[in-house]
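Chains as they are written, first to last, in the working numbering: chain P, 519 to 803; chain B, 519 to 803; chain F, 519 to 803; chain E, 519 to 803.
Protein chains: 4
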Amino acid sequence: MKRYFTLLCLALLMPAMSASAGKIVTSSLTSKILGAEVKYNVYLPENYSADRHYPAVYLLHGLYDSYTAWAEKGNMKIVVDELIGTGEACEMVIIMPNAGGKDVKNIWNGYFNMPGWSYEDFFFQEFIPAVEKQYNCGGCKGSRAVMGLSMGGGGSTVYAQRHPDMFSSCYAMSAWLDNKAQEVSTGSTEKDCFYYLSNAVREHSALDFLDNADEATLEKLRTVAWFVDCGDDDFLFDMNIAFHQKMRDRGVHSELRVRNGVHNWEYWHLALRWSLPFATRNFSK
Amino acid sequence: MKRYFTLLCLALLMPAMSASAGKIVTSSLTSKILGAEVKYNVYLPENYSADRHYPAVYLLHGLYDSYTAWAEKGNMKIVVDELIGTGEACEMVIIMPNAGGKDVKNIWNGYFNMPGWSYEDFFFQEFIPAVEKQYNCGGCKGSRAVMGLSMGGGGSTVYAQRHPDMFSSCYAMSAWLDNKAQEVSTGSTEKDCFYYLSNAVREHSALDFLDNADEATLEKLRTVAWFVDCGDDDFLFDMNIAFHQKMRDRGVHSELRVRNGVHNWEYWHLALRWSLPFATRNFSK
Amino acid sequence: MKRYFTLLCLALLMPAMSASAGKIVTSSLTSKILGAEVKYNVYLPENYSADRHYPAVYLLHGLYDSYTAWAEKGNMKIVVDELIGTGEACEMVIIMPNAGGKDVKNIWNGYFNMPGWSYEDFFFQEFIPAVEKQYNCGGCKGSRAVMGLSMGGGGSTVYAQRHPDMFSSCYAMSAWLDNKAQEVSTGSTEKDCFYYLSNAVREHSALDFLDNADEATLEKLRTVAWFVDCGDDDFLFDMNIAFHQKMRDRGVHSELRVRNGVHNWEYWHLALRWSLPFATRNFSK
Amino acid sequence: MKRYFTLLCLALLMPAMSASAGKIVTSSLTSKILGAEVKYNVYLPENYSADRHYPAVYLLHGLYDSYTAWAEKGNMKIVVDELIGTGEACEMVIIMPNAGGKDVKNIWNGYFNMPGWSYEDFFFQEFIPAVEKQYNCGGCKGSRAVMGLSMGGGGSTVYAQRHPDMFSSCYAMSAWLDNKAQEVSTGSTEKDCFYYLSNAVREHSALDFLDNADEATLEKLRTVAWFVDCGDDDFLFDMNIAFHQKMRDRGVHSELRVRNGVHNWEYWHLALRWSLPFATRNFSK
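The structure is reproduced here in structure tokens:
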């Protein structure tokens with residue numbers, strides 16, 4: 519009996535216990551559009567069953583990072599498990615695709631189409647259909663959300679602007695929403711991947727999109743639930759504020775929160791506590 | 519100019535920026551009492567100078583962990599940097615000593631004196647004097663706090679009970695405060711380290727201490743600021759509640775918070791946001 | 519133009535603006551069971567329409583208070599408007615019935631049946647059917663929640679224990695869950711209303727209910743979502759903790775939060791920020 | 519014994535109990551500068567003694583309100599009591615002077631000098647010296663803070679800009695910081711009090727002040743701790759953001775938080791939970 523207690527005690531202390539315990543699996547997709555294999559992580563909730571249907575959340579990483587960032591640096595699993603445990607987030611499949619890596623000059627980065635690298639085409643034509651079929655999730659606007667940090671916050675916002683029929687909500691964390699500068703390659707003649715990314719961010723400016731939107735476009739934007747979350751000392755603060763103000767001025771409601779913080783993982787780790795309940799509330803009932 | 523912007527942008531995106539940026543250094547002390555070398559991590563605030571004096575916080579790890587746990591699993595630096603940046607925590611030196619490791623049966627664990635391993639003696643006679651001299655911190659009750667998680671929450675509480683003249687405050691996270699069971703070694707005849715630890719926790723029960731405290735002892739306990747923080751689904755919940763109730767019934771004020779959560783690093787990571795301001799408020803002005 | 523601005527400015531500054539703006543109406547029901555008229559307040563969400571159906575929340579006041587307490591002392595409207603505005607709470611009808619008043623000795627108090635005052639019968643047989651018909655709300659377990667403070671927290675808990683088929687969730691704030699003492703009337707011979715209330719609380723002990731529950735009863739309790747919220751310095755702290763522990767030990771999941779606080783309106787005002795989203799999450803989708 | 523319990527129970531249930539229990543007293547000062555009597559409320563902490571010295575916080579009300587607003591609409595006492603109880607706010611004297619009233623056209627409003635109503639002169643030459651002498655509080659920059667809502671948030675900010683040697687910190691809630699419009703009286707010829715107030719706000723623009731500040735002025739501003747707190751749906755949002763951005767661009771650190779909310783008492787009631795600890799942290803130790 520007493521030995522039993524000891525072993526029980528050991529067993530109890532060892533793992534972190536949680537009311538819910540999902541798992542993260544790594545997979546990849548061979549893209550014809552990109553001519554490359556794209557890796558991604560997927561969070562599957564506890565007792566995930568392919569026989570049930572789940573909402574899908576696309577959770578995008580930032581520049582210099584990859585598909586592993588949310589799991590490894592963002593510790594997303596411990597937060598998602600807790601939120602699903604209390605019901606603040608519903609059971610969902612969270613997909614974290616690769617769109618970059620550390621070597622920003624020599625490998626492709628970003629969520630937009632660039633010369634020779636049509637990531638947005640890949641994302642909507644190949645990736646979403648494949649993963650939602652494989653994991654029996656998403657499938658329609660009311661069952662799909664997009665969110666991300668920095669470059670991924672910009673990607674989320676632009677995806678929801680250009681595909682408002684695809685997402686019920688969009689949560690942008692410290693988002694890179696615009697890029698006014700004309701970047702040049704660092705070498706004398708060659709244009710590197712970061713050059714093309716910078717161009718793409720400028721050409722996909724979420725601010726310009728709002729300036730140029732006609733009423734029919736605005737009406738579509740109003741079908742998405744928007745949330746902007748950016749630290750008061752973030753170096754991307756001004757563009758996030760400008761986005762919120764432009765949205766308001768064009769009559770598209772957007773939530774905004776400015777917490778204490780800078781452009782770091784503490785800010786984004788805490789953002790999950792709001793973003794996943796926000797996505798949950800905006801899925802179709 | 520434009521290239522300058524690119525490089526600036528790269529520089530800005532790469533590191534996590536913070537209003538304050540401390541550093542963690544690893545060191546060790548050769549203990550005569552233990553006959554062993556004890557490793558520890560120290561958080562030093564930005565612009566730390568040995569010419570200035572700082573308050574000292576002892577931040578204790580739990581069973582199965584070591585001196586690296588708060589830095590690596592608890593991500594303590596990012597939280598401390600932020601809290602010092604806003605002034606919610608004052609500039610302080612945070613000391614994270616080793617008191618265990620994964621192999622609980624074969625290596626010594628815990629903060630108490632055990633046959634052949636007098637850790638409490640080491641802590642108060644050797645460790646505190648040495649580190650506070652080396653880093654010019656602490657030095658008196660009003661400038662010293664203790665806190666920790668699980669086994670380290672129990673260690674903190676018992677240290678503050680037995681040495682109330684040494685600490686201005688004590689913050690216990692999901693604390694292992696008592697152990698009623700008589701542990702036996704898992705082998706047939708040999709008593710292992712976990713056996714001795716279990717015994718030591720029982721003999722140093724923070725609950726029994728309160729039951730047995732005379733009025734003079736209680737009066738000393740009232741000079742310490744106490745805080746108990748434990749998740750509603752933590753398997754150590756009952757003993758933390760019992761501690762708070764006994765404290766109240768003996769007239770020693772203690773704060774209590776029960777947040778959603780279990781015995782995991784998400785709970786303790788968030789606990790830092792309360793524990794360090796609490797310690798700060800209770801340092802002598 | 520400038521004058522227009524001035525007037526606009528005046529108009530803007532004057533009212534508190536809110537994304538959502540419900541209203542509180544006062545009504546009453548003549549009860550045959552009680553032989554009395556029972557007043558109640560009802561919160562109706564912005565653009566309330568009798569043509570739509572709404573979930574119903576019963577929000578119960580405490581001893582010494584009446585049906586006006588949540589509106590006047592708890593400032594419930596400003597919180598509900600905000601939560602509905604963000605979607606954290608769904609559009610709902612909130613019913614605040616009278617069950618007492620200041621003069622606890624000479625007027626009936628409480629939510630239970632007492633000799634000559636069968637409030638529970640009134641509540642389930644007359645009140646719920648009437649208000650849910652009138653306001654087109656509730657109608658079934660999945661569309662109904664109960665919550666309250668102190669005596670009303672006890673009332674909520676006991677109602678959900680005894681009628682688990684009626685409520686999808688129960689949120690108890692600083693709840694009066696038990697009363698071990700045998701109250702006596704303060705006069706020498708006469709038994710006053712507070713005497714009967716005290717008896718009724720003891721006879722309806724939520725703690726005893728759990729001790730006596732058989733497995734079939736427990737299975738029904740598991741169909742309700744439970745939440746206990748009580749301040750660390752509340753004089754009813756121990757019984758709230760005991761309730762959470764008994765629930766856990768009997769295998770009925772219950773959330774527990776202990777925030778800083780005592781038995782006051784600041785605690786309950788803040789509790790609404792959790793209780794209404796909790797009820798919302800647990801309504802049937 | 520049992521009757522004793524009953525009475526005890528009654529006694530316990532009746533009042534809201536709190537770890538700390540200050541009181542609010544109403545007083546007035548006859549101003550020679552204004553030629554009028556100015557009423558004010560003062561919060562005195564529990565066990566206030568004229569023999570001890572306290573920090574002073576000036577807590578300013580908004581347009582259409584008076585010196586009673588923070589006590590009656592803001593329920594400030596219950597929050598201050600709680601924060602002092604936990605030590606998050608130090609024991610302090612909080613002064614709430616009158617600067618307006620409902621009839622904005624016919625009675626003087628605002629914190630600035632206007633033709634025939636030199637409120638700023640009154641505030642610094644008569645009011646501060648008198649109340650700090652009477653209540654033995656404040657006395658120097660390190661022991662004095664200013665904060666307020668809307669018109670009082672603007673007043674706080676401008677006071678701290680023009681008298682940076684007088685305040686250790688300034689906390690602006692939903693602040694009215696600027697007024698670009700040239701107001702006209704609503705009557706055809708007469709200029710009313712609101713006309714003069716509007717002019718005064720424009721002439722005391724906190725934004726213009728930053729634009730015009732020389733380096734010596736900025737250096738003084740850096741000796742004050744600044745905090746801006748404004749709801750994402752507040753109609754004064756843009757000017758609060760602009761203020762934070764200008765501060766940052768001129769090298770004066772300012773905290774900013776944007777919570778969910780509009781221009782209402784729920785926002786300001788909650789703001790106290792941050793403003794008083796902020797003031798406390800910035801008093802001289």
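Using N, Cα and C, we set each Cβ at its ideal position, and we do this for glycine too.
In this text the structure is predicted, and so the values were computed from the model without any measurement.
Among the options, the one whose alpha carbon lies nearest that of residue i
i	options	result
Ala539 (chain F)	F:Asp751, F:Leu725, F:Glu606, F:Ile596	F:Ile596
Ser545 (chain B)	B:Phe645, B:Gly618, B:Gly553	B:Phe645
Asp752 (chain E)	E:Thr735, E:Trp783, E:Glu737	E:Trp783
His787 (chain B)	B:Asp756, B:Val560, B:Glu590, B:Ile551	B:Glu590
Gly628 (chain P)	P:Glu708, P:Val560, P:Glu721, P:Ile602	P:Glu721
Lys764 (chain B)	B:Thr741, B:Ala789, B:Asn730	B:Asn730
Val742 (chain F)	F:Gly619, F:Arg791, F:Phe796	F:Phe796
For residue i: DSSP bridge partner residues
i	result
Ala690 (chain B)	B:Gly666, B:Val746
Asn631 (chain B)	B:Ser636
Tyr572 (chain B)	B:Cys655
Leu562 (chain E)	E:Lys541
Leu728 (chain E)	Beta-bridge pairing links Leu728 (chain E) to no other residue.
Ile613 (chain F)	F:Val560, F:Tyr576
Glu773 (chain E)	E:Phe745
Ala554 (chain P)	P:Ser549
Residue i - containing alpha helix (DSSP H), residue span
i	result
Val719 (chain F)	711-721
Glu590 (chain B)	587-590
Val854 (chain E)	This structure gives no information on residue 854 (chain E), because the portion of chain E shown stretches from 519 to 803.
Arg740 (chain B)	Counting along the chain, Arg740 (chain B) falls outside any alpha helix (DSSP H), and DSSP gives it neither H nor E.
Met765 (chain E)	755-767
Exposure of residue i, with buried meaning 16 or more beta-carbon neighbours within 10 Å
i	result
Thr798 (chain F)	buried
Leu794 (chain B)	buried
Ser567 (chain F)	exposed
Gly580 (chain P)	buried
Gly634 (chain E)	exposed
Asp599 (chain E)	buried
Gly553 (chain F)	exposed
Glu737 (chain E)	exposed
Asp621 (chain P)	exposed
Leu531 (chain P)	Any reading at Leu531 (chain P) needs caution, since the residue's pLDDT is 48, under 50, leaving its predicted position unreliable; the model's value is listed next. It is buried - the Cβ of Leu531 (chain P) has at least 16 other Cβ atoms within 10 Å.
Asn624 (chain F)	exposed
Asp583 (chain F)	buried
Pro682 (chain E)	buried
Gly603 (chain B)	buried
8 Å CB neighbourhood of residue i in its chain, flanking five on each side removed
i	result
Asp726 (chain P)	Asp696
Asn778 (chain P)	Gly749, Asp750, Asp751
Tyr522 (chain E)	With a pLDDT of 42 at Tyr522 (chain E), under the threshold of 50, the predicted position of this residue should be treated as unreliable, and no value is reported.
Same chain, Cβ closer than 6 Å to residue i, five either side skipped, listed in chain order
i	result
Pro573 (chain E)	Met610, Ser661, Phe801
Ala690 (chain B)	Gly671, Ser674, Thr675, Val746
Thr813 (chain F)	The requested residue 813 (chain F) is not part of the displayed model; chain F covers only 519 to 803.
Tyr785 (chain F)	Gly749, Gly779
First and last residue of the uninterrupted beta strand (DSSP E) at residue i
i	result
Pro795 (chain F)	It is not in any beta strand (DSSP E) - Pro795 (chain F) instead sits in the alpha helix (DSSP H) that spans 783-800.
Thr548 (chain F)	541-549
Chain-order list of residues whose beta-carbon lies under 7 Å from that of residue i (same chain, five-residue window excluded)
i	result
Leu774 (chain P)	Val746, His762
Asp639 (chain B)	Ile551, Asn631
Ala760 (chain P)	Leu725
Asn616 (chain B)	Val556, Lys557, Tyr558, Ser584, Tyr585
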